[in-house]
Amino acid sequence: CMAGDPVNINEFQDLARQKLPKMYYDFYRGGAEDEHTLRENVQAYHRITFRPRVLVDVSRIDLSTTILGHSISAPILIAPTGLHKFAHPEGEVATARAAAACNTIMVLSFSSSCTLEEVASSCNTVRFFQLYIYKRRDWSALVVRRAERSGFKAIVLTVDTPRLGKREADIRNKMVAPQFKNLEGLLTTQVASDKGSDFQAYADATLDSSFSWKDIEWLRSITSLPIMVKGILTREDAIKAIEMGAAGIIVSNHGARQLDYSPATISALEEVVEAVKGKVPVLMDGGIRRGTDIFKALAFGAQAILIGRPVIYGLAAKGEVGVRSVLQMLKEELELTMTLSGCPSLKDITRSHVMTERDRVR
Ligand code: FNR
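So the sequence shown is residues 14 to 375, counted in UniProt numbering.
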């Protein structure tokens, strides 16, 4: 460890803040409107404590698991986030290499700054592709076909973004709308806002807000890949997603960038897990900054978690090496948490290992 090397995820965030131009840092860090949910996504973990069990043989800890049949070294995936080249010149290729080195799955964003083909050929590992539905559905369909051809193993359909949330830092900074690489040659006109965020103007011009449950059938008709639905926060929608044939559910509020005053994802997780009844895997993301946060999500029934901003902070701070360190750090913290809680493997982690305010009143 060199002097000044970050020892936790928050210190990676400090490094990223120092390195990045303000417009980009604000874009990565920011949430919607009052940023109430942004704070809650992190703070809700602080209100959950442990019920550790002692005198268990914890000399060997096994963090490995499988997602849709693919083995990974720890239940920590990379969430889809756009525009990695604003964080580091190698962009998503560096992130993908770090994921491969750590033997985990990266979900590549539809809004990536490297093409999906570049990412696919950069290294050999299991990858999922995140999809937005554009007004030009034929463009979305074309990108899905390219993802299939490039060997992506699942489609992660993001369903919480019929329009972009109101991200005030981006409006203030007049955030730019770069050419999204996967749409190169398709979207030829540059969209700009006369005032405010070009990024938002671009989203408003492209996203299809008419896409609804029945259209998932259309998506299933154009791809044979399993479809995970990302952005579920209620039991009602979890049940619907399964009815529509979802292969998995990701409890997410888009890193608090969409509907402010959505619940913290750790607070919504249990409701969804109970509704799903084990029919499909439930994953979650939002606010994970510690191994203890991951343990809490697993205790509420998540199969795995995804991290968004921590990856970007690692990438901005130190490129591929930084993303590796972030993944490794969270993995080591989770391993230590399991050790000190008396859980040698992921299946040993149960609801009875954590305690909420509500449990204390009971
Ligand atoms: C995102 N997220 C996101 N989600 C998605 O489905 N497609 C996308 O292109 C993006 N882009 C994106 C950019 C940035 C800068 C952020 C911070 C987030 C949401 C992302 O997948 C995930 O849900 C959250 O980032 C998880 O919360 P944390 O880990 O960032 O707190």
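Even for Gly, the Cβ is constructed at its ideal location relative to N, Cα and C. Note that the structure is predicted; figures quoted are calculated from it, not measured.
I'd like to confirm the pairing. Which residues does DSSP put opposite Q143 in its beta bridges? Here residue 143 refers to the residue found at position 130 when the sequence shown is read from its first residue. DSSP lists V169 as partners of Q143.
How many whole angstroms separate the CB atoms of T94 and I325, which I take to be in contact at a CB cut-off of 8 Å? Along the sequence shown, read from residue 1 onward, the residue named residue 94 stands at position 81. Along the sequence shown, read from residue 1 onward, the residue named residue 325 stands at position 312. Confirmed, Cβ separation roughly 6 Å.
Please classify L349: does DSSP put it in a helix, a strand, or coil? Reading the sequence shown from its first residue, position 336 is the one you call residue 349. Helix, per DSSP.
Consult DSSP for F224 and reduce its assignment to one of helix, strand or coil. Stepping through the sequence shown from its first residue, residue 224 is reached at position 211. Coil, per DSSP.
Mind checking whether the beta-carbon of R180 lies closer than 7 Å to any heavy atom of ligand 1? Indexing the sequence shown from 1 puts residue 180 at position 167. No, ligand 1 has no heavy atom inside 7 Å of this Cβ.
Which residues in the same chain as D173 place their Cβ atom closer than 6 Å to its Cβ, once the five residues preceding and following it in sequence are excluded? Here residue 173 refers to the residue found at position 160 when the sequence shown is read from its first residue. Same-chain partners within the cutoff: G244, H267 and Q271.
Touch check for the region 300-308 and the region 42-62: three-plus C-beta pairs under 8 Å? yes
Alpha carbon to alpha carbon, how far is G327 from I318? Reading the sequence shown from its first residue, position 314 is the one you call residue 327. Reading the sequence shown from its first residue, position 305 is the one you call residue 318. Those two C-alpha atoms are separated by around 17 Å.
Which of helix, strand or coil does DSSP assign to A114? As a first step, residue 114 is located in the sequence shown; it is residue number 101 there, counting from the start. The answer is helix: DSSP assigns A114 an H, G or I state.
So what does DSSP say about T236, is it helix, strand or coil? The count along the sequence shown starts at 1 and reaches residue 236 at position 223. Of the three classes helix, strand and coil, the one that applies to T236 here is coil, per DSSP.
Pop quiz: P19 and L28 are said to be a contact at Cβ under 8 Å. What is the actual Cβ separation, rounded to whole angstroms? Position 6 of the sequence shown, counting from 1, holds the residue named residue 19. Position 15 of the sequence shown, counting from 1, holds the residue named residue 28. Between L28 and P19 the Cβ distance is about 6 Å, and since that is below 8 Å, they are a contact.
Restricting to Cα atoms, I'd like to know which of I22, C115 and F142 is closest to T236. Here residue 236 corresponds to residue number 223 of the sequence shown, with the count starting at 1. Per the Cα distances, F142.
Taking the Cβ atom as the reference point for each residue, do V242 and A218 lie within a distance shorter than 8 Å? The residue given as residue 242 occupies position 229 in the sequence shown. The residue given as residue 218 occupies position 205 in the sequence shown. Against a cut-off of 8 Å, the Cβ pair of A218 and V242 comes out as no contact.
As a quick exercise: from P65, Q26 and N21, pick the residue whose alpha carbon is nearest that of S365. Locating residue 365 in the sequence shown gives position 352, counting from the first residue. For S365, the nearest C-alpha among the options comes from P65.
Closer than 5 Å to ligand 1: residues, by C-beta to nearest heavy atom, in chain order: Y41, A92, P93, T94, G95, S122, S124, Q143, T171, S265, H267, G268, D298, G299, G300, I320, G321 and R322
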